[in-house]
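Colleague: Residue numbers (mature numbering (1 follows the signal peptide of the UniProt record, and there is no 0)): -19 to -1, 1 to 1122.
Shown next, in the form of C-alpha cells:
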C-alpha cells in the first residue's frame, strides 16, 4: 500500500511540470486499489480515466472565466513556457513556492521573467495580463534550503500593479486571528494541461497526524497542510448558512421525519423525485405535508421556513411507474409563496438554449446527517456511456445523468430528490435530481434524473417560465456573506496519498521585513492597496505666521469632516495665526493623481477638545474641509483627454469646458411613439412645468427619485400633482394619459435626507390605474435572482428638450470602481450605478428621476434612476441611483484595446435574437485554400446584402468562388440556433461600377436554399421608395466581430455628410456614403466590414448602410458606410427584395 501511495504522489507532482494527459488511453476492466471493504465490490476502470492503472486519477475540471481570478502563472524570459504557478495576493505581489524560483532565478541567474494573470486558455485571450518582474523583486524565505520541503515559500514583486477586474483579483489570506487548522474542509487547487486549459480539483483537507501516517517518504510539520487524494466513503462537507439556498426538505404530516429532498425552483414550487412522493401520497393516501426551506441544522434556526402543501398540489410525471428509474420527477405546489432572502432562493434550471451534456463538469449534491447538519459533496459528472459500463445492475438512459464516486468520494448520506447542481459563469444551475443512492458501501456511479430532458414538463407543472421564475411573494435580498465551513464530523473509512502544501497561517509571522534586527517583533507593517483604507487622510498643516508644514493623519468620518488628534493641531493654534492646510484622500501611494483628492481647510474649521492641554487626555479634534482641489490640477484652462490627434479637437478640463467646446456633447436621439412606453413625467398642481421624470412599474405606481418629491411635497407642502404617460411630444397627442395623485400617496425612502445622494428613491401611487396599450406599458425591474452588476452593458435614459420633444441617449454602464476614480464631486456606493459619458456621449438634457434601462433576451429592464446630471460641462460619469441594484461593487473593467484613446470600446455583447438579420460570411475558392471572413445582412430568405470589396478580388483573380454564411446566433458555437447555408459563384453579384474603390461598394449573394425564418433568423427591412430621410442625428447600430465567442455591437450617431467631410482627414465622402460619429457612441474596436448599419423607427429596424471603411479604435475618425437608399434599384435587380412605396 505504501508503494501505491508513493506512486500517486509522484504522478500529481510531476503533472504540474510535464502536464501528463493520457485521458484517451484504453483501459481494461481490472480491480485496483479496492479500498471498498464490502464483500464482492468491484472497481471498474472506465475508458475515459486519465490513468489506466489508477481509478482515482483525474485531469480535474475545466474552470470558467473568472472562477479563480487569483491564479498566476510564472514564465522566465529564456524558457518561454510556463514554469510554475502562484497566487495574486495584492495588486503588486504574487505568492508562490521557493523551489522553482530558486532553480531558475537564483541557481541559474536568470535576470527576470513574467507573470500571466487572468488566463483561461493560455495565450488566446484579451483578458490576460502579462506583467514582468526582475530577479531583485524575488523574496525567498531566508530559511529555505534547496531541496528541502521546509520554508518553501516566496513572494514576487511585479514591475507594476495588476489591473483588477472580474478576471484578476487578489486572494484573501488567513487573518492573524484565524486559528483554524482547516481539517476536513474542502480545498481547491489548480494546474494547466498540455492543451492550455486551466484545470482544478477539490480534495478534503487532512489532519497533519493522518498525513504523517500515510505519506511514505516525507515528514509533515506544522507549516504544512495536506489534502487527501482518496476520499472514499465520506460524510461530505458541512455547508455554511446560505450556501445552498434552494435546498428543500419534504415531510409528511404523519411520519414527522423527512421523506426526501427537493429544490426550490420558484417561490411557489419545489422540484423533486417521484419515488418518495408516490409511496407516501399516492400509495398511502396521505393528505398533505410540509416543506422546510432555509435550514442549516434541522429545527434549530429562525431562518427556517416551514410551508405546508396538500396532496392536490403534487404533480407526478404521468409516465412514472412505482419502482422504475424512468420519469422519476415531480413538482410540489406550496400553499403560499416562500419568502425569498439570502437563505431561501430558487435555483436556476437549464435554459432552452442550453444544449450541454455537462460531462466531466463538477456536480454538487446534498443530504442531512443523523446529527441534523446539512452536508454536501462534489463529484465529477460522467458520460452516460461510462455510467452504463460501470453500473452493475441498472440501465442508464438519455433522461439520466451520472456522477463518479471515485472523483469526489462515495457520499454516505446522498438522498433521493436532492438537486445535482453545477456552476458556470452565471452561477449555479440544477442539472439533475438524485435518484439512485448507493450510500458508501459501494463505489458505483450515482444516478440522477436529467433536468434538461423535462424542461417542457416542468414548465407545464409549475410557474417556472423559460429559464426564469415568477415571484409572487418576496422580500428584499440581502448581500450574502461568506461564512467559514465547519469541520466535518464524519471520518473517512479509507486514507491514501496526499498533496502537501504550506500552511500560510503558520508562516504569517515570517513574511514582513524587519527594521530593528535586535527586536524580533519589529516590523514595517504591510503595504496597503488602493481602496483598502478609503477613509484614511494625510493632513498637512501650516500657518500665515510660520511657513513650516507639519504632517499628521486622520480619518474621513463624513464627506465634510476629518477626525484627528488635538495634539497635531494644538501647537500650531497656540503659537501661530492663520492656521490652514489641506488633506490628501483616496490613495495609498504618494503620487497618484488619478485617485487622490486634495481638500483645503482653514482655522475656522478646526476644533480641538476644550479640556486638551498638550497632555495625553482629551486628545481629539475635527477638521471641516472647505473646497475640493484635485491634486496637480491647475486652475487655468487646460486641454485633457485630447484623444483625437488627427484633427486637433480639444476636450477641455471639467473646470472650464462650456458645451460649445465639448466634442462629446449631444442632445441625444428623438424617440418615436411607443419606443419607451414606461416613461413618465411628474408635475405639481402649481407649477405647469415638469418637476422630474419617472417610470411606470405597474398600472398604479410610478418609480422616481426622492429629491424633487421631497422638495415640493414635504418641504413646500404642495398637496398634489399629476403624471403624464404615453407622450413623446408634450401636450400634442391623443396618446397622452394625464393621471392625478395626492401628496399622501407619495412614498419616500425612510432613510433619505434632503440633498443627499443616498436612498434617493420614491414611488407615487396614481389616483387611478393607467390604461395599458402600446404607448403606455410598465417597465420590468430586476428579478430577485438577477445578481448582475450590469457593468459594461448598454444603458439608455431619457429627458425632454425645451421644444417639447422626448430624447434619449445610450451610454455604457461603468464599474463603480471606475466611476469613483473618474467622478470629481461624489463618492459612489453600492446603491449607485454609473454610465460613461465617453461611450455614448455627454447628454445635455438628462433628467432627474428618469429610468436607466438595459436590454436582454427577455426585453427591457430598469436598473437605475437618474440622479446626478453633469450636462455637458463635464465628461465625468453620470450617476444613476437605484436601491434596486443589489449587486456588490465589482472591479471589472473593460479591456481597452487602445489605451491611448478614452473613446475606444469593445462595444456590447449581443444576445440571441437581437440581430436576426446579421450574417457571417466565409468565402473561399477552388484555386485558393485561403478563407476570408466578412459580414452581411439577410434581406430576404434567399439573399445576403454585403459589400463589393469583400468579393471583388476573389472574383477577379480566382476561379470557383464559393462559401457559406452563418445565420441565427451571436455565439460562435451555437448549433441549436445557427443555420449554415452554402453559396457559389453563380449566386454572387457586385455592382458593375465598383473597381476596388470606395465607390459603388455593394454586392448581393444568393443562398443555395432559403433560410428558415424564426426569432433568430429574420430579414432586415430596407428603406422604402418614398423614404427621403438622410437619417442625420439618428441612432445607428452596427454589429461587429465575434470576440470571446460572442458577437459585439456598437451604436453611434449618424452624421450629416457635410460634417463628415469636414472631420474626415483622409477620405472623400460622396452622396452614396453615410457616416457615423465616433464621439457619440465610441470608437468601436471590433467593427466588421460589410455589416449592416441600422436605425429604428415606429415600424422597427431598417438598414440604411453597409460598413465600408473602419479605422479601428486608435483614432476617432468618422466611420464610413455605403448608403443603401442610393442603390434601391440595383438591389431590386440583383435580389428578390421588393421595395414598398
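From the three backbone atoms N, C-alpha and C, an ideal C-beta is built for every residue, glycine too.
Should the segment 1093 to 1103 be called in touch with the segment 915 to 923, which here means at least 3 C-beta pairs below 8 Å?
Modeller: No: fewer than three Cβ pairs fall under 8 Å.
Colleague: Along the alpha helix (DSSP H) that carries residue 553, what are the first and last residues, could you check?
Modeller: Run containing residue 553: 548 to 556, per the alpha helix (DSSP H) assignment.
Colleague: Inspect the beta-carbon positions of residue 539 and residue 602 and report whether they are closer than 9 Å.
Modeller: The answer is no: Cβ separation not under 9 Å.
Colleague: So within the segment 692 to 772, which uninterrupted beta strand (DSSP E) runs reach at least 3 residues, ignoring any that extend past its ends?
Modeller: The qualifying runs are 701 to 706, 718 to 723, 727 to 729 and 743 to 746.
Colleague: Assuming residue 531 is part of the beta strand (DSSP E), what are its boundary residues?
Modeller: Run containing residue 531: 531 to 537, per the beta strand (DSSP E) assignment.
Colleague: Check whether the Cβ atoms of residue 357 and residue 347 lie closer than 9 Å to each other.
Modeller: Yes, they are a contact pair.
Colleague: Below 6 Å CB to CB, which residues in the same chain sit around residue 1057 once its five sequence neighbours on both sides are set aside?
Modeller: Cβ neighbours of residue 1057 beyond the five flanking positions: 1017, 1033, 1035 and 1100.
Colleague: Compare the Cα-Cα distances from residue 120 to each of 399, 108 and 136 and report the closest residue.
Modeller: Selected option, being the one with the closest Cα: 136.
Colleague: When DSSP labels each residue in this structure, what does residue 905 get in the three-state scheme?
Modeller: Strand.
Colleague: Based on the DSSP output, what are the partners of residue 287 in its beta bridges?
Modeller: Bridge partners of residue 287: 273.
Colleague: The alpha helix (DSSP H) spanning residue 1044 covers which residue range?
Modeller: Residues 1038 to 1044.
Colleague: Could you give the C-beta distance for residue 993 and residue 960, rounded to a whole number, given that I count them as a contact under 8 Å?
Modeller: Sure, about 6 Å apart at Cβ, within 8 Å.
Colleague: Along the beta strand (DSSP E) that carries residue 192, what are the first and last residues, could you check?
Modeller: No beta strand (DSSP E) contains residue 192, which is instead part of the alpha helix (DSSP H) from 189 to 195.
Colleague: For residue 1084, which residues does DSSP report across the bridge?
Modeller: Residue 1084 is bridged to 1075.
Colleague: Could you compute how far the alpha carbon of residue 1086 sits from the alpha carbon of residue 813?
Modeller: Each residue's Cα considered, the two are about 38 Å apart.
Colleague: Would you call the segment 291 to 301 in contact with the segment 723 to 738, where contact means no fewer than 3 C-beta pairs closer than 8 Å?
Modeller: No contact exists between the segment 291 to 301 and the segment 723 to 738.
Colleague: Are the segment 1043 to 1053 and the segment 1066 to 1074 in contact at 8 Å, needing three or more beta carbon pairs?
Modeller: The answer is no - the segment 1066 to 1074 does not touch the segment 1043 to 1053, with fewer than three Cβ pairs under 8 Å.
Colleague: My output table needs one value for residue 121: the three-state DSSP class, helix, strand or coil.
Modeller: The answer is strand: DSSP assigns residue 121 an E or B state.
Colleague: Hey, could you find the ends of the beta strand (DSSP E) residue 564 is sitting in?
Modeller: Its beta strand (DSSP E) spans residues 561 to 566.
Colleague: Tell me the residue span of the alpha helix (DSSP H) that contains residue 930.
Modeller: Start and end: 930 to 938.
Colleague: Closest by CA to residue 283, which one among 273, 292 and 1059?
Modeller: It is 273 whose Cα lies nearest to the Cα of residue 283.
Colleague: Runs of 3 residues minimum, wholly inside the segment 338 to 419: which ones carry the beta strand (DSSP E) assignment?
Modeller: Correct list: 343 to 349, 355 to 363, 381 to 385, 400 to 405 and 408 to 417.
Colleague: Using alpha carbons as the reference points, say which of 429, 243 and 355 lies closest to residue 385.
Modeller: The shortest C-alpha separation from residue 385 is found at 429.
Colleague: Provide the residue(s) that pair with residue 839 in DSSP beta bridges, ordered along the chain.
Modeller: Residue 839 pairs with nothing; no bridge assigned.
Colleague: Return the CA-CA distance between residue 74 and residue 151, expressed in angstroms with no decimal places.
Modeller: When rounded, the distance between both Cα atoms is 9 Å.
Colleague: Mapping the DSSP letters down to three states, classify residue 775 as helix, strand or coil.
Modeller: Three-state DSSP puts residue 775 in a strand.
Colleague: In whole angstroms, what is the alpha-carbon distance linking residue 164 and residue 195?
Modeller: Rounded to whole angstroms, residue 164 to residue 195 spans 16 Å at the Cα level.
Colleague: Within 10 angstroms of its Cβ, does residue 973 collect 16 or more other Cβ (buried), or is it exposed?
Modeller: Exposed, since its Cβ has fewer than 16 Cβ neighbours within 10 Å.
Colleague: Determine the direct distance from the alpha carbon of residue 804 to that of residue 816, and round the result to whole angstroms.
Modeller: Taking the straight line from one Cα to the other gives about 11 Å.
Colleague: Going by DSSP in three states, residue 85 sits in which element: helix, strand or coil?
Modeller: Residue 85 falls in the helix class under three-state DSSP.
Colleague: Taking the continuous alpha helix (DSSP H) assigned at residue 803, which residues delimit it?
Modeller: Looking at the DSSP string, the run of the alpha helix (DSSP H) that includes residue 803 is 797 to 803.
Colleague: Would residue 1059 and residue 916 be called neighbours here (beta carbons separated by less than 9 Å)?
Modeller: No, the pair does not count as a contact, with Cβ atoms beyond the cut-off.
Colleague: What's the gap between the Cα of residue 373 and the Cα of residue 426?
Modeller: Each residue's Cα considered, the two are about 10 Å apart.
Colleague: Thinking C-alpha only, which one of 93, 433, 552 and 186 is nearest residue 401?
Modeller: Of the listed residues, the one whose Cα sits closest to residue 401 is 433.
Colleague: Nearest CA to the CA of residue 913: which residue from 895, 797, 886 and 946?
Modeller: Among 895, 797, 886 and 946, the Cα nearest to that of residue 913 belongs to 946.
Colleague: How is the beta strand (DSSP E) around residue 1110 delimited, first residue to last?
Modeller: From DSSP, residue 1110 is part of no beta strand (DSSP E) but of the alpha helix (DSSP H) over 1109 to 1114.
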